[in-house]
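Undergrad:
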Amino acid sequence: MGASGSGKTTFLNVLAGKSVRLDITGDVLFNGNSSKPYQQLGLVSFVPQQDYLIPYLTVRETLRFAASLKLPKSMKISEKYATVETVIAQVGLVDCSDSMIGDSWRKGISGGEKRRVSVAVQLLLNPSVIILDEPTSGLDSFSAQSIIDMLVSLAHSSKRTVILSMHQPRPEIFLAMDQVALLARGGGLAFAGPPNAALPYFESIGHSIPAAINPADFLIDIVAIDDRDEESEKVSVERAEAIVASWTHSSATLCVGDDVIESTPVPHINNADGAEFMEQTSILMRRICLNLKHDKLTLWGSFLEAFAIGIVLGVIYFHPAEDPAGILSRKAVLNACNGLRGFLALTFMTFKLALEMKVYDRELLDKMYSAPAYLFAWCSVHFVVYALLSIIFSLIVYFMASMRTDDFGFHFFIFAMNNVIQQWLNMALSFVAISITRDFSLASVITQFAFNLFGYSSGFFIPVGNLPASLRWLHYINYVGHGLNLLMVNEFGNHRYNCPGVPTNDYSTICNGNTVIASSGFNNDYVIPIIALWSELAALILLAALILHFFPVKVLDKPAGLVSKTSIHKENSKRAIWNAVITSIEMEVIPFERIPVTLQLTDVSVSLKSRKYVYSIKAEYISKTLLQSVTVTFPPGQLTTILGSSGAGKTTLLNLLHGRLGNFLAPNQTAEISGSILFNGHKYDPSFSQQIIASVRQDDSHLLPALTTRETLIYAALMRLPNSWSKQRKLQRAEDVMVELGLKECADTIVGGERIKGLSGGQKRRLSVGLALLIDPRVLLLDEPTSGLDAASAKNMILILKSLAASGRTVICTIHQPRSDIFPLFDRVLLLARGGRVAFSGNQMNLVPHLQRLGHPISETNNACDAALDIMSIDFRTKELEESSSCRIEAIVQAWQPGLDPIENTSTRKPINAKSVKKNLLHVYPLLISRSMLNLRRQPDFLIARILNPVISGILLVIFYVNTPFSQTGALSRIGALVGLCTMIFNGQVGCLSIFPRELAMFRFEQEDGTSTVESFLLAYISLELVLDFIGASLASVLIVYSVGLQINVGYVVLVTILNLSIGDSIGMAVCTYFSEPGFAAQISSLLMVIFLQMSGFFSFKMPIFMDWINYVSPLRYVARVLAAKEFVLSVSYSCDSSSTSCLFRTGEDVLKLLGFPTSDYSFALNLLGLIICFLVYRSISYFVLKSK
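Residue numbers 80 to 1268, in our numbering, belong to the letters of the sequence shown in order.
(1) What are the partner residues of residue 679, as DSSP defines its beta bridges?
(2) Which residues in the same chain have their Cβ closer than 7 Å to the Cβ of residue 531, if we skip the five residues on either side of it in sequence?
(3) Using only alpha-carbon positions, find the residue among 1090, 811 and 727 that is nearest to residue 953.
(4) Examine the Cβ distances between the region 360-378 and the region 446-458 and report whether three or more of them are shorter than 8 Å.
(5) Which runs of the beta strand (DSSP E) at least 3 residues long sit entirely within the region 180-249? Give them in chain order.
(6) Whose C-alpha, out of 675, 707 and 575, is nearest the C-alpha of residue 684?
(7) Terminal residues of the continuous beta strand (DSSP E) containing residue 773?
(8) Rank 487, 447 and 507 by C-alpha distance to the C-alpha of residue 465 and give the top, closest one.
(9) Going residue by residue through the region 923-964, where are the continuous alpha helix (DSSP H) segments of at least 4 residues, counting only ones entirely within it?
(10) With three or more beta-carbon pairs closer than 8 Å as the criterion, would you say the region 157-172 touches the region 939-951?
(11) Pick out whichever of 860, 471 and 400 has its Cα sitting closest to the Cα of residue 481.
(12) Where does the unbroken beta strand (DSSP E) through residue 907 begin, and where does it stop?
(13) What first and last residue would you give for the beta strand (DSSP E) that runs through residue 1279?
(14) By the three-class DSSP mapping on this structure, what secondary structure does residue 751 have?
(15) Residues in its own chain within less than 6 Å of residue 1065 by CB, not counting five upstream and five downstream?
(16) Measuring straight from C-alpha to C-alpha, what distance separates residue 517 and residue 426?
(17) Excluding the 5 residues flanking residue 255 on each side, which residues of the same chain have their C-beta closer than 8 Å to its C-beta?
(18) Let's test the definition: count the other Cβ atoms within 10 Å of the Cβ of residue 398 and tell me whether it reaches 16, buried, or not, exposed.
(19) Candidates 1206, 604, 384 and 200: which alpha carbon is nearest residue 131's?
(20) Taking DSSP as the reference, what is the three-state secondary structure of residue 916?
(21) For residue 811, count neighbouring C-beta atoms within 10 Å of its own C-beta (all shown protein chains included) and say buried if the count is 16 or more, exposed if not.
(22) What separation, rounded to the nearest whole angstrom, lies between the Cα atoms of residue 197 and residue 785?
(23) So, is residue 45 buried or exposed, given that buried needs 16 or more other C-beta atoms within 10 angstroms?
(24) Assign residue 729 to buried or exposed, taking buried as 16 or more other Cβ atoms, counted over all protein chains shown, within 10 Å of its Cβ.
(25) Would you call residue 1042 buried or exposed, if buried means 16 or more other Cβ atoms sit within 10 Å of its Cβ?
(26) Classify residue 1227 as helix, strand or coil using the three-state DSSP reduction.
(27) Taking Cβ positions, are residue 682 and residue 760 nearer each other than 8 Å?
(28) Threshold first: 3 residues or longer. Then list the beta strand (DSSP E) segments lying entirely within the region 512-593, N to C.
(29) Using only alpha-carbon positions, find the residue among 783, 1268, 824 and 890 that is nearest to residue 1017.
(30) Does residue 463 pass the burial test, meaning 16 or more other C-beta atoms within 10 Å, or should it be called exposed?
(31) Rounded to whole angstroms, what is the Cα-Cα separation between residue 265 and residue 324?
(32) Hey, how far is the Cα of residue 1250 from the Cα of residue 1139?
(33) Quick check: the Cα distance between residue 850 and residue 843, rounded to an integer number of angstroms?
(34) Report the option in 612, 686, 540 and 632 whose CA atom is closest to the CA atom of residue 600.
(35) So does residue 467 have its beta carbon nearer than 7 Å to some heavy atom of the ligand NAP?
(36) What's the C-alpha gap between residue 484 and residue 469?
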């Protein structure tokens, strides 16, 4: 136990062997031996604060797979499943055992239920030592007690060592422990021993427990640091240091000593007793199949991608003629099938693996299976699925593009086989990249660099023999080149084309298929490319397996920070950030008369309808009642708490009160609401909700990870507080809130996230509350404000809320496990039963008498809140207990009538008369710019990826096209360089999948509170984005123009590249906003960009007329024509030397004619104007999508 910042999580990580980056001194001994062998054998399991679960499995499926992997192979499968059912009952998951885990796209079980699943998984792993970090976080009191009872029973019955950390243990939990270690801030040990020895010890050193106080709360309080003001902080620091010093020098022998080390070694089951390699692979394959089956978004997205790109390519290259342009079109469609579709797979698979590897890393540390078993199972399942999709794609393109039909079976087999292998190779490359780094941004840079390297050297634009001498070795490992070689041999080998009406002296050679093959530097041979492709696939899989096996990820929860905290501290001490903020412009805020607000709900019911299959033709719905006939009043000036077990509808009620219920529904869900909700007797009006209501969510995902606590609050204060306040006063308000919430010590610590080490979960919770407290809401709604807080911080939080309520506000919060001295601070209580039914509503002092009248007495020594939650919770441990507890709850619900609460009959209050406040764009804009720049600058990998992606593309172009001559092959190489400039549009996805989602989450949070608008957010985001685009585009353009020797003015290239990058960003933003699942959004945006690229004109020379009309909405149509018009100047000539197999291009005009591009200056101006219009249109689309969502 210990307050926030006392080192509980660090201590547990050290015991579990997870903290590899810490400088650790001293010894950690297991049975008198080094702990490492125990940890390496998987005898130590660790349940972190964050849950790592497969989203599209049910609870029962998740646990059955864990049991199959880890329980002894001597057990029958029926026995393993019976063990699973026992554990499900023990942890209280019976009611949701067939519910999906869920994620942001498909809603599943609650956060508390996920916590219980994580604990249940660890119980099935059969370890000797179980270490749990906050196992009861997010659980109601009854569920928390049930889990602790189970852990105590497990420790005593099976002789396992169970170590856990807790913030606010109820008295029964505290006394159930065999040993207690109390940590003070800074990790000093204040006490270690049996819980019944703790109070006598502290009394002996002058700290006696007050009457009717939870012993655990008392112990945590006396070693906690109260940093609300300097005097309190000084006193509490001195007290804590004295207690730690007293324990250090104490001669008392309170804790068990050497007998632990000398005891008989703890029995354990060796890791080999679990599933072996082949069985692990089989189990994992079944699990991956089941998860993929339920992952409708990935399946439908992948099918849509294969089908759509097949149809589009088939239409663009529909029945090409047997003339030089048609032959080049055939070569282009082969290149598209071989390379561009693989590029689509790269981005999506890299993103998908970045998510899935979180679960893999968690399970690998638990020794559930080996790395090769996981890789083999993953590849087996996904390779089969994507092979089927590749065959569908092949069937569509082969016939629509009129590929050769002689010896059809053989040629189609080769074509389809190559498409399948190319998909597999790209998936394997994604696995290699994600094995090197789990960060999507860096992994995507690796995959795109490798793919572009292979693409440029594939032989499509530059014949293999013409590659720079230093790069010709790439031909031997280039799977894209080998694939193109195989497809060209399959299509052109020993085949001649008619080429009607073509003069023999100009085009006779290109009409010979063997000549087309030779023009790319390929041999007319099937065997070598096939052997090379299969060898490269095996090599990539082996490389991924070796990296996963020998370089596993050691730390899961908080990797080493990317930001120097020393530099942050210096920045804050100088206050450089705030001196740069524009302060001359203030936001116009219309002052309101503070009128108390009463919320009155009458017979309110909410039912949730979920479409069973999101994309099925026949709609099948599953209905679930969230709230049922809720009649309650929330008066001003009072602090009301909503109590209830998991699934009682507490969060649903808060979202309903703020009018945000729809924001938290999945795309396949709709909510049906009945009854009335009145604010001072008037119906809810969204126009004034932002002015009178502030909310604190259950999660803290809206916080920007690279900002410090102080910076987060100051930016919010500068944007939210009224213009009557000076800048200094706003800054002081932020400091005051920080002190009130005990955040002073971590003021200069970054928020942190999955990639950046920062604030603890409890500190983030307080920061979220602080953001709501900055403004002056008349109604304050808080979902679990004490979740993750230690006992002292939780009490301080409730005291703050109590004072806010006393000032005339209506304060409503949910709470799971209030300490005994917190419950009396609440003025009113709303007690909800499962299913959202009211069991009690009224003054908190009336709760205990009411339950007593119904035959459920609560002792004065018990925590009334814990007891009430125990009474209202269904006990799923056995069928008999479930039935009896359900009957008890039903009787209590039926006994409650709204008239029993006297406040229900009070008269209607005053009208609100709130007016919406229009935000001044000039005030919010510079603040958003400053904040985004700071957040981005502290995440250098994002910044580097954003700027260097176009630069890396430019470097690759320079490597392959440096000093391109004015020859026939040089003309093709120049076309290749221009194609490379067109592909800059794909860089927009990096921002879509890495930077934009976090910025969007923060914007949504601020938009709901009325702080920011779509216009200000989009303008700030675009401004910063254009700066980064300008830097990347300028560097790339200068490199390409002067190193390749292009004829285009570098200014044109910079302008076109900036517009191209920005349009890609706009497409990514629009798609990522519309589709909340980033992986699916990446598939859609990539598909659009690939289609645009194929229609640009560099690949397709004669498209159907209707496709030409569609092409007018493609930005790459204009990019290609603008660049080509300035590169292929009419007066420039291209030599036809003796080594040329044909002489297609004598002048720049010949190139433009073959491409079908106009040659006049007027057409160039129109195309440049069209590109600018595309920029504005796609920016507008992203704006309207953001506005509508």
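Heads up, the beta-carbon is just placed ideally off N, CA and C, and yes, glycines get one too. Please read these numbers as outputs of a predicted model, since none were measured by experiment.
TA: Based on what the coordinates show:
(1) 712 and 757
(2) 1032 and 1035
(3) 727
(4) yes
(5) 208-212 and 240-244
(6) 707
(7) 772-775
(8) 507
(9) 926-932 and 943-950
(10) no
(11) 400
(12) 907-912
(13) Here the chain comprises residues numbered 80 to 1268, so residue 1279 is not present and cannot be evaluated.
(14) strand
(15) 1168
(16) 14 Å
(17) 227, 228 and 231
(18) exposed
(19) 200
(20) strand
(21) exposed
(22) 28 Å
(23) Because the chain spans 80 through 1268 in this model, residue 45 falls outside it and cannot be assessed.
(24) buried
(25) exposed
(26) helix
(27) no
(28) none
(29) 783
(30) exposed
(31) 13 Å
(32) 8 Å
(33) 11 Å
(34) 540
(35) The ligand NAP is absent from the structure shown, which contains no ligands of any kind.
(36) 20 Å
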